[in-house]
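What follows is one structure encoded as structure tokens, with my remarks underneath.
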Amino acid sequence: MIKGSPISLALSRRRMLALTLAGTALPALMPRLAHAAEGTVVVSNWGGDWNDRTVRFVEKPLLEDKGFHVVRDLGMEPERKAKLLSEKRIRRASSDLIHVNSSDAFELKRQGVVADLDLTKIPNYADVVEELKAPYFLPWLYSGVVIIYNRDKVSEPPKSYAELWDPKWAGRIGLTNQLYFNYLMMAGLVAKGDMTSVEDGKPLLEKLVGESKPRLYAAHQQLQAGLANGEVDIAINYKARGLQWAKDGLSLGIQYPEEGAIAVTFGACLTEFGPNRDAAYTYLDAMLDPTAMAGLAEASLYAPANPKAAISDETRALVDFTPDERARMRFLDYGYVAENTASWLEWWNKSFAG
Amino acid sequence: MSTTETFSVSRPPGGAPKGTPRRLGTPMLATPAIIFVAIGLLAPLALMLRNSLNHYDPTELMVSAITPENYLKFFGDSFYQGVLWRTVWISGLSTAICLLAGVPVAYFLARHVGDLAKRMLLILILVPLLIGNAVRTSAWMLILNDKGVLAAFLGLFGHNGPLGLMYSSAGVVIGLISVLLPFMIITLNSVFESIDRNLEDAGESLGASHLTIMRRIVLPLALPGILSGSVLCFILSMNAYATPVLIGGPTFHMMAPTVYQQIAKVMNWPFGAALAFILMAVTLILTVGVSVLVQRRYRKWSE
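Here's what the structure looks like:
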């Protein structure tokens, strides 16, 4: 090393490397420009088939082809709900719309992360089935928890939820872990006849678990496999799922229970702090478009919330419920469900725990 | 000589005087990493600890408070203690089996295999880790199923009953071992390689049988490495998520899936955070405790 040498102005390798790294880091330090592109809408949805159908019937023909830019945030609803709730503190929402079921919509409304809908901006909302409406929720597709049975093995299916407790069905019933709250309310319905008697239903459910030993599957797909390979002959699940499995080739029958099917409604909510509200309203209106609803009903086999959907009578008889069935349908008391769902999950884990 | 002259010019005798400019010492080089770990790991952990002291309300979800009720709930409920105990014994069993299976394989790789073959075999051992966790566990689901690949294979030999491996602890242990064994083998392999072969030859020349060599020479020397391999496997299996969920099924509860359920499904963040901290504390206590015990014994051996 030569002492006293002048400071070199030539670019040493070390300096070059340092400047390159600084250069690549610079964009991360620059302020983010607001991408207020005309007609962008960010949608939070389930993935898989559900999203494919949403894109095929709603997002592509009615939004993307008309110049909107749809950004999708896909995942299971626990993660999407958790994301929305954790963003509440910073009063920001990364999505404009969130696809949820009606119970989750109630919870999100109570937490203050979804907004009441301005119905003047959603002309199609006026046609929606009355029982499904809520000020903060756009109902879209609905179904009910029914008794699905293997037609080859079961000639006389149980006609009501109560008949499931009959010893002749022991070992032949299949349940899925994802619908635990429906099964608890079903037991309450059998015990007391209303949708807020889960406490009275718990001993009944324990009896079912102890004596009839129903098989518990982790998810709908496993229950379908169980029906297919004969592990179970009866499944308690949404009518739409049963119809989908039948379409996949299983020989299944659907029995609407006497007490009235427990309803499930899927739809969308407007987030409170989402950035693109106008585009979101266009999206919401597009969801209820009669042609889109018709395509969705035929593809997903869920009943459309807009009775004006342009479906054939055959499809309507298959997927939809008769007015009598719809009148008997049991809708959830959302406040009651939100209040208790945590303790129900714990009880469910403990009563079914190995 | 010229070098010594230069030295004597630039370094006055008696150490560096106060006038010499201080150079950035090596500890300063660790500062970026320390900052990163502090922001990325310690701060979120502190936040979670604070969350675990909050109160859960079904309507408001998390209410700010300082209450020990989440920890008390855990200690008062035998269900969750059962979940923790199941996690601990399954992790212990998996680690023990990995150790028993890993030591011979690692020793064989270190001593009796040529260079090229060793590289190929190591890659073969690592291949299961290249597939994602969930995908690999799904493959195990197909194998362990009552009507799956293993059942078909055993059917060739006349075993036709249900296997009972899916949705049971046996299946979960098998799934965990398939993930942990490569880690154990790789760790032990490098440990065995670092033990001087001459020591074993010396033992052999003094008349020791192979078993005695392993027992008195190799394993005591490899003990720190065995310890670190076991600790690694134990920690990984205590925190296992995909394997218990997919192979264990909905009725098989272990700690990590329970934490996820509490936080994501039920939105009970305080209790989920408390469970996560209890899991972390138990893992830490067990691994540090065993490490200290073993090191104390090791020091006695080497003295």
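Here the protein sequences come in this chain order: P and C.
Using our numbering, the first residue of the first sequence is number 1, and each one after it goes up by one.
Using our numbering, the first residue of the second sequence is number 1001, and each one after it goes up by one.
All C-beta atoms in this analysis are idealised placements derived from N, C-alpha and C, irrespective of residue type, glycine included.
Measuring only from the beta carbon, is residue i closer than 7 angstroms to any heavy atom that is part of the ligand MN?
i      : result
R326/P : By its list of ligands, the structure shown contains no ligand whatsoever, and the ligand MN lies outside what it can speak to.
For residue i, list the residues DSSP reports as bridge partners.
i       : result
I147/P  : I236/P and Q255/P
L97/P   : V43/P and L270/P
D73/P   : S44/P
Y142/P  : T265/P and A303/P
R91/P   : Partner(s): none; R91/P has no beta bridge.
R1119/C : Looking at the DSSP assignment, R1119/C forms no beta bridge with any residue, so it has no partner.
V1149/C : V1149/C is not bridged to any residue.
A115/P  : L270/P
K217/P  : Residue identity differs from the one stated: residue 217/P is Tyr in this sequence, not Lys. Answer is T176/P, bridged to Y217/P.
A134/P  : F137/P
R1136/C : None, per the DSSP bridge assignment.
By alpha-carbon positions, which one of the options ends up nearest to residue i?
i       : options                               : result
A338/P  : F331/P, E107/P, Y281/P and I262/P     : E107/P
Q1295/C : W1085/C, P1220/C, Q1262/C and R1086/C : P1220/C
G1203/C : R1215/C, E1193/C and F1192/C          : R1215/C
Y161/P  : L119/P, K153/P and L205/P             : L205/P
Y281/P  : L270/P, P290/P, D289/P and T291/P     : L270/P
T176/P  : N237/P, R328/P, A309/P and A82/P      : N237/P
V1288/C : V1105/C, F1075/C and L1227/C          : L1227/C
N1310/C : P1162/C, L1180/C, D1146/C and A1151/C : Given that chain C is displayed from residue 1001 to residue 1303, the structure contains no residue 1310/C and the question cannot be resolved.
S1230/C : A1240/C, F1183/C, I1247/C and L1142/C : F1183/C
L189/P  : A22/P, L19/P and L332/P               : L332/P
L1284/C : H1159/C, L1236/C, A1033/C and T1026/C : L1236/C
G48/P   : N276/P, P275/P, A22/P and M76/P       : M76/P
F273/P  : R53/P, R91/P, R72/P and L21/P         : R91/P
T1251/C : P214/P, P257/P, T265/P and A261/P     : P214/P
N276/P  : L21/P, S94/P and Y334/P               : S94/P
I1097/C : G1175/C, S1209/C and V1191/C          : G1175/C
H1099/C : N1145/C, V1083/C and L1232/C          : Strictly speaking, residue 1099/C in this sequence is Leu, with His absent from that position. L1099/C has its Cα closest to that of L1232/C, out of N1145/C, V1083/C and L1232/C.
N229/P  : D152/P, T54/P and D52/P               : D152/P
D118/P  : E156/P, R326/P and F137/P             : F137/P
G1164/C : P1044/C, K1147/C, F1157/C and G1158/C : K1147/C
I'd like to check one pair, residue j with residue i: are the Cβ atoms closer than 8 angstroms?
i       : j       : result
S1094/C : I1177/C : yes
N1054/C : M1062/C : yes
M1238/C : T1087/C : yes
L250/P  : L227/P  : yes
M1048/C : F1234/C : no
P290/P  : V129/P  : no
G1248/C : V1172/C : yes
Y149/P  : L252/P  : yes
L63/P   : V70/P   : yes
M293/P  : A309/P  : yes
L288/P  : A268/P  : no
I1217/C : L1199/C : yes
R355/P  : S44/P   : Chain P is shown only over 1 to 354; residue 355/P falls outside these bounds and no answer can be derived.
Y302/P  : Y142/P  : yes
A1222/C : A1240/C : no
H99/P   : W165/P  : no
A219/P  : Q178/P  : yes
I371/P  : N182/P  : Because residue 371/P is not part of the residues shown, which for chain P are 1 to 354, the question remains open.
W140/P  : A286/P  : no
F1192/C : A1117/C : no
K159/P  : E258/P  : yes
R72/P   : S300/P  : no
I1195/C : A1106/C : no
W348/P  : Y180/P  : yes
S1052/C : A1281/C : no
Y1080/C : P1270/C : no
A1139/C : N1145/C : no
What is the C-beta distance between residue i and residue j, in whole angstroms, given that I count them as a contact (C-beta under 8 angstroms)?
i       : j       : result
D96/P   : A246/P  : So it is not a contact: roughly 36 angstroms between Cβ atoms.
V154/P  : M186/P  : The Cβ separation is near 19 angstroms, so there is no contact.
L1211/C : M1141/C : About 40 angstroms; that fails the 8 angstroms criterion.
V114/P  : K88/P   : With 8 angstroms as the limit, V114/P and K88/P do not qualify as a contact, their Cβ atoms being about 10 angstroms apart.
D116/P  : P135/P  : 5 angstroms
A1264/C : A82/P   : 6 angstroms
G295/P  : V232/P  : About 32 angstroms; that fails the 8 angstroms criterion.
V1113/C : L1121/C : 7 angstroms
F1074/C : L1293/C : The pair is not a contact, with the Cβ atoms about 26 angstroms apart (cut-off 8 angstroms).
(request) Please specify which runs of the alpha helix (DSSP H), each continuous and at least 4 residues long, are wholly inside the segment 1050-1114 of chain C, giving them in chain order. (result) 1069-1076 and 1078-1111
(message) Just to confirm the assignment: which complete beta strand (DSSP E) runs, minimum length 3, are found wholly within the segment 139-213 of chain P?
(response) 173-176
(message) Which runs of the alpha helix (DSSP H) at least 4 residues long sit entirely within the segment 286-340 of chain P? Give them in chain order.
(response) 290-300, 313-319 and 323-328
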